[in-house]
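*Asks:*
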Amino acid sequence: ANQELLKHLERDFATQLVQTSRRLQKETSTWYYIKRWDPEPGHVYLSAALGGDGLALSGHDDESGRHRWQLLPEGREDATEECHRNASWHLVRLLGGTPQGRRLLSRNLGGLELFEFDDGTGRQRWQVEGGPRGHRLRAARGDPGLGAAKEVEATFSGRFVGASEGHVTLKEDEECWDITGPTGSFCANFQVGGSQASKISLISKAPGRDVLSYLEPSMMAWKELKEEQVT
177 ANQELLKHLE
187 RDFATQLVQT
197 SRRLQKETST
207 WYYIKRWDPE
217 PGHVYLSAAL
227 GGDGLALSGH
237 DDESGRHRWQ
247 LLPEGREDAT
257 EECHRNASWH
267 LVRLLGGTPQ
277 GRRLLSRNLG
287 GLELFEFDDG
297 TGRQRWQVEG
307 GPRGHRLRAA
317 RGDPGLGAAK
327 EVEATFSGRF
337 VGASEGHVTL
347 KEDEECWDIT
357 GPTGSFCANF
367 QVGGSQASKI
377 SLISKAPGRD
387 VLSYLEPSMM
397 AWKELKEEQV
407 T
C-alpha cells in the first residue's frame, strides 16, 4: 500500500513539474529550436543531455525546455530584431530543463559544455551568421582574459558548433543549423553580427524576375536568390 501511494505521489509530482515548466515557458521571451540542417534520424535537435550534464542531439522535443534556446544579443533580454542584427555576439541560453547553473552554451578545453554565466572570457559568446542554408554558430573572439582563461581560449579545437557521429562538438568547418521558433526563423536570411559580419548586397534585374546577388566574406563567391526568398 505504501509503495502504491509513493508511486502516485511521484506521478503527481512529475505532472506538476511538467505543467510548471510549460507555464514558465509561455511567460518567457522568444525561444528557438536549433536543428541540424541535414539531420540524421534521431539526431535533430541541439539540446542538453538528460540531467543537464553536457550537450546532445535529440530526436524530439520533450517540452522540458532542454531543447529550446534563447539568443540574447550581447546578453540583453527581450531585445528587438534590430538589436539582434546589430549585435557583435549572442549568448545562447537554454529555456529550461536543466539546473540554473547549466544553461549557457560554452566552450571549454574538451569542446562544449553548459555553463552558469558569462565569465567575460568570450567562451560563452557566439556569432550567429545567416545564409542561404540556415545559420552558423561561430565562436566570438571576445576578451580571452588572463591565465587559465587565456589558455582555454587559445587551445580549444574548432570555431563552429557542429556534430560528428551523433555528438555535439566544435569543428573547424562550418556547419549549418536551422534556428526556428514559434515566431519563425531567427533573423531569416540575414547576417547577424554588426560591423564584424558585413555583407555586400545589391538588387539586379534578370529576365522576368528580380534577384538578390550577395557576397559573404567567408564564402567569397557570388550567389543569387529569388527576391521572395529574402523578404
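Here our numbering is used: position 206 in the sequence shown is 382, and no number is missing along the way. Think of the CB as a built atom: it goes at the ideal place given N, C-alpha and C, for glycine as much as any other residue.
Under 8 Å Cβ to Cβ from Asp349, same chain only, skipping five residues before and after it: list those, please.
*Replies:* Answer for Asp349: Phe336, Gly338, listed in chain order.
*Asks:* With respect to the beta strand (DSSP E) encompassing Glu289, which residues constitute its N-terminal and C-terminal limits?
*Replies:* Run containing Glu289: 287–291, per the beta strand (DSSP E) assignment.
*Asks:* Just mark Ser293 as buried or exposed, buried being the case when its beta carbon has 16 or more other beta carbons within 10 Å.
*Replies:* First, the residue type needs correcting, since residue 293 is Phe and not Ser in the sequence shown. With fewer than 16 other Cβ atoms within 10 Å, it is exposed.
*Asks:* Please return the same chain residues whose Cβ sits closer than 6 Å to the Cβ of Ile210, not counting the five positions on each side in sequence.
*Replies:* Cβ within range, chain order: Leu222, Trp245, Trp353, Ile355.
*Asks:* What is the rounded straight-line gap between the Cα of Asp386 and the Cα of Arg278?
*Replies:* Interpretation of Asp386 is limited by its pLDDT of 35, a score under 50 that renders its predicted location unreliable; no figure is taken from the coordinates.
*Asks:* Residues in its own chain within less than 6 Å of Glu168 by CB, not counting five upstream and five downstream?
*Replies:* Residue numbering for the chain in the displayed model covers 177 to 407; residue 168 lies beyond these limits and cannot be assessed.
*Asks:* Return the CA-CA distance between Ala263 and Ser361, expressed in angstroms with no decimal places.
*Replies:* Approximately 17 Å, taken between the alpha carbons.
*Asks:* Tell me whether the beta-carbon of Ala316 lies closer than 9 Å to the beta-carbon of Leu270.
*Replies:* No, they are not a contact pair.
*Asks:* Roughly how many whole angstroms lie between the Cα atoms of Phe291 and Arg312?
*Replies:* Near 20 Å, if we compare the C-alpha coordinates of Arg312 and Phe291.
*Asks:* Does the beta-carbon distance from Leu288 to Leu231 come in below 9 Å?
*Replies:* Yes. Within cutoff.
*Asks:* For Thr297, count neighbouring C-beta atoms within 10 Å of its own C-beta (all shown protein chains included) and say buried if the count is 16 or more, exposed if not.
*Replies:* Buried.
*Asks:* Answer yes or no: do Ser234 and Gly218 have a C-beta to C-beta separation smaller than 9 Å?
*Replies:* Closer than 9 Å, so yes.
*Asks:* Pull up the distance between the alpha-carbon of Val220 and that of Arg242, whole angstroms please.
*Replies:* Using only the alpha carbons, I get a separation of about 13 Å.
*Asks:* DSSP three-state call for Leu231: helix, strand or coil?
*Replies:* Strand, per DSSP.
*Asks:* If you drop the 5 nearest sequence neighbours on each side, which residues of the same chain put their C-beta closer than 8 Å to that of Thr359?
*Replies:* For Thr359, where only same-chain residues beyond five positions count, the Cβ hits under 8 Å are Thr206.
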